[in-house]
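Encoded as structure tokens, the structure appears first; notes follow it.
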Amino acid sequence: MKPLVKQALEVYQESCRRLKALGLAFFLESWDAETEAPAKSVESRADAVGTLSEMSYEISTAPKLQEAVETLYANRKELSPVLSHEIENQHKEIAKLARIPQEEYVEYSKLMSLAYPRYVEAKRNDDWASWEPILAKIVDYARKYMVWQDGERHGYDILLNDY
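As numbered in the working numbering, the sequence shown has no gaps in its residue numbers, which increase by one up to the final residue, 240.
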């Protein structure tokens, strides 16, 4: 393996290690929200999710990682088939994430952290009016997301491709 590729792989692996640690924190927050967390902690948990999302965004869009992924992508024939496939996916995902403004990404993460508990409460109380503004924000973000990601696919096809 060429030294440049080896160095890029080290940067990539270190970034993945940090992102996996954040992923674990996201998982634990989600699990806690579903099991033990007090109902009144929703706002503070959403702020924590926002902070974790900001950290994740910064790692994922850092020029150092982007350069490493570009190097690995350009030299993917030298990589194992599994790693080559992983790099192809990361190349696409990093490009998609970089098109989303960081503030919007963080705010959406907070919104989604608040959304489910609010939905459950609104459903339990048969209170559409309390859920409607949150749903409107989610739809508004989806519309902006389609604009940010507009390229080969357009409109609803962008959302379908992500799911």
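Think of the CB as a built atom: it goes at the ideal place given N, C-alpha and C, for glycine as much as any other residue.
Apart from sequence neighbours up to five positions away, the residues of its chain that approach ILE136 with a beta-carbon distance below 8 Å are SER92, ARG95, LEU96, LEU99, LEU142, ordered along the chain. Cβ neighbours of LEU86 within its own chain (closer than 7 Å, five residues either side excluded): LEU149.
Within the region 101-145, the complete alpha helix (DSSP H) segments of 4 residues or longer fall at 119-137, listed in chain order.
When only Cα atoms are considered, LYS79 and GLU163 end up about 19 Å apart. The beta-carbon separation of GLU144 and ARG153, rounded to 15 Å, does not stay under the 8 Å limit for a contact. Assignment of SER190 by DSSP, reduced to helix, strand and coil, places it in the helix class.
Only residues of its own chain outside the window of five on either side were considered, and among them LEU129 have a CB closer than 7 Å to the CB of ALA102, listed in chain order.
Inter-segment contact for the region 183-199 and the region 121-128 is present: three or more beta-carbon pairs are separated by less than 8 Å. Excluding its 5 nearest sequence neighbours in each direction, TYR233 has C-beta neighbours in its own chain below 8 Å: MET223, listed in chain order. CA-to-CA, the gap between ALA114 and ALA206 works out to about 25 Å.
The alpha-carbon of LEU160 is positioned some 49 Å away from that of ASP203. Per the coordinates, the alpha-carbon of GLU147 lies some 42 Å from the alpha-carbon of GLU209.
Here GLN90 is exposed: its Cβ has fewer than 16 other Cβ atoms, across all protein chains shown, within 10 Å. Setting aside the 5 residues that flank it on each side, ALA213 has no residue in the same chain whose C-beta is closer than 8 Å to its C-beta.
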